[in-house]
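Colleague: One structure, as structure tokens, below. Some questions next.
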Amino acid sequence: MTSVTTPLAGRAIGLAAVPDPVFSGAMVGPGTAIDPVREPSTAVSPVDGIVVSLHPHAFVVVDAEGHGVLTHLGIDTVQLAGEGFELLVAKGDTVRRGQPVVRWNPAAVEEAGKSPVCPVVALEATADALGAVVEDGDVKPGDQLFSWS
60 MTSVTTPLAG
70 RAIGLAAVPD
80 PVFSGAMVGP
90 GTAIDPVREP
100 STAVSPVDGI
110 VVSLHPHAFV
120 VVDAEGHGVL
130 THLGIDTVQL
140 AGEGFELLVA
150 KGDTVRRGQP
160 VVRWNPAAVE
170 EAGKSPVCPV
180 VALEATADAL
190 GAVVEDGDVK
200 PGDQLFSWS
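Residues in the sequence shown are numbered from 60 upward in steps of one, following my numbering.
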């Protein structure tokens with residue numbers, strides 16, 4: 060069983076509320092989303108594992124059970140070409156839950172005309188594989204978002 064914890068502070072809103080049909084339709088995978096606090100912050104790893112994909116706006120960590128968790132920092136933020144994002148780890152690094160991965164500013168993303176909402180998605184999973192998905196309420200790094208069997 061994989062426990063996935065929140066990578067940043069904010070309010071859980073659920074994938075259906077993400078302003079992007081690919082995420083809101085769970086085409087990438089099931090999970091939830093966080094509307095982040097509008098201040099400079101650091102996105103942390105939601106699981107212990109290996110960073111298998113790393114971009115300024117998104118990262119994937121795969122745990123020992125082979126479960127990949129995507130953290131996507133904002134919507135359409137790839138169009139910002141990395142501006143305002145600082146990578147704190149490298150692809151291939153082993154990270155611990157709660158370890159800082161990317162420093163960014165959700166308020167600056169919003170000022171650039173993008174949504175700062177952050178999907179946290181279980182890759183290559185089915186919705187029924189996830190348990191107790193948090194879709195509302197305030198969350199902070201380390202709070203459980205969902206479990207994955």
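For glycine and all other residues, C-beta sits at the position ideal for the given N, C-alpha and C.
Quick check on L74: does DSSP put it in helix, strand or coil?
Modeller: The count along the sequence shown starts at 1 and reaches residue 74 at position 15. If DSSP states are grouped into helix, strand and coil, L74 belongs with the helices.
Colleague: Please list, in chain order, all residues of the same chain as Q203 whose beta carbon is under 6 Å from its beta carbon, the five residues on each side excluded.
Modeller: What you label residue 203 is simply residue 144 of the sequence shown in a count that begins at 1. Once the five neighbours on either side are set aside, the close Cβ partners of Q203 are S62 and T64.
Colleague: Less than 8 Å separating the beta-carbons of F186 and A123?
Modeller: Residue numbering aside, residue 186 sits at position 127 when the sequence shown is read from its first letter. Residue numbering aside, residue 123 sits at position 64 when the sequence shown is read from its first letter. According to the sequence displayed, residue 186 carries Ala and not Phe. No.
Colleague: Please go through the same chain and pick out, in chain order, the residues whose beta-carbon is closer than 6 Å to the beta-carbon of G196, but skip the five residues on each side of it.
Modeller: For this step, residue 196 is matched to residue 137 along the sequence shown. Result list for G196: A71, in chain order.
Colleague: Would you tell me roughly how many angstroms separate the C-alpha atoms of D107 and Q158, rounded to the nearest one?
Modeller: Stepping through the sequence shown from its first residue, residue 107 is reached at position 48. Stepping through the sequence shown from its first residue, residue 158 is reached at position 99. C-alpha separation (whole angstroms): 9 Å.
Colleague: Please report the straight-line C-alpha distance between T136 and S206, rounded to a whole angstrom.
Modeller: Along the sequence shown, read from residue 1 onward, the residue named residue 136 stands at position 77. Along the sequence shown, read from residue 1 onward, the residue named residue 206 stands at position 147. Those two C-alpha atoms are separated by around 27 Å.
Colleague: Determine, using beta carbons only, whether I134 and V179 come nearer to each other than 8 Å.
Modeller: Locating residue 134 in the sequence shown gives position 75, counting from the first residue. Locating residue 179 in the sequence shown gives position 120, counting from the first residue. No, these two residues do not count as a Cβ contact at 8 Å.
Colleague: Following a CB-centred definition, is P175 positioned closer than 7 Å to any heavy atom of the ligand ZN?
Modeller: What this structure holds is no ligand at all, so the ligand ZN is not there to describe.
Colleague: Please name the residue in V119, P95, V192 and D152 whose C-alpha comes closest to that of E183.
Modeller: Mapped onto the sequence shown, residue 183 falls at position 124. Put simply, of V119, P95, V192 and D152 the residue whose alpha carbon is nearest the alpha carbon of E183 is V119.
Colleague: Per the contact definition of three or more C-beta pairs closer than 8 Å, is the segment 80-98 in contact with the segment 136-145?
Modeller: no
Colleague: Determine whether the beta carbon atoms of P3 and V81 lie at a separation below 8 Å.
Modeller: Only positions 60 to 208 of the chain appear in the structure, and residue 3 is not among them; the question remains open.
Colleague: Would you kindly check if the distance between the Cβ of A102 and the Cβ of P66 is under 8 Å?
Modeller: By 1-based counting over the sequence shown, the position of residue 66 is 7. By 1-based counting over the sequence shown, the position of residue 102 is 43. Contact flag set, yes.
Colleague: In this structure, does DSSP put F82 in helix, strand or coil?
Modeller: Within the sequence shown, residue 82 is the residue found at index 23, counting from 1. F82 falls in the helix class under three-state DSSP.
Colleague: Counting only runs that start and end within the segment 110-163, where is the beta strand (DSSP E) found for 3 or more residues in a row?
Modeller: 117-121, 127-131 and 159-163
Colleague: In chain order, what residues of the same chain lie with their CB nearer than 8 Å to the CB of G73, ignoring the 5 residues before and after it?
Modeller: Position 14 of the sequence shown, counted from the first residue, corresponds to residue 73. So the list reads T91, A92, V192, E194 and D195, once near-sequence residues are dropped.
Colleague: Going by beta carbon distance, what residues of the same chain come within less than 6 Å of G88, once the five residues before and after it are set aside?
Modeller: Locating residue 88 in the sequence shown gives position 29, where the first residue counts as 1. By the criterion of a C-beta distance shorter than 6 Å, G88 is surrounded in its chain by V180, A181, L182 and A184, once the five residues flanking it on both sides are discounted.
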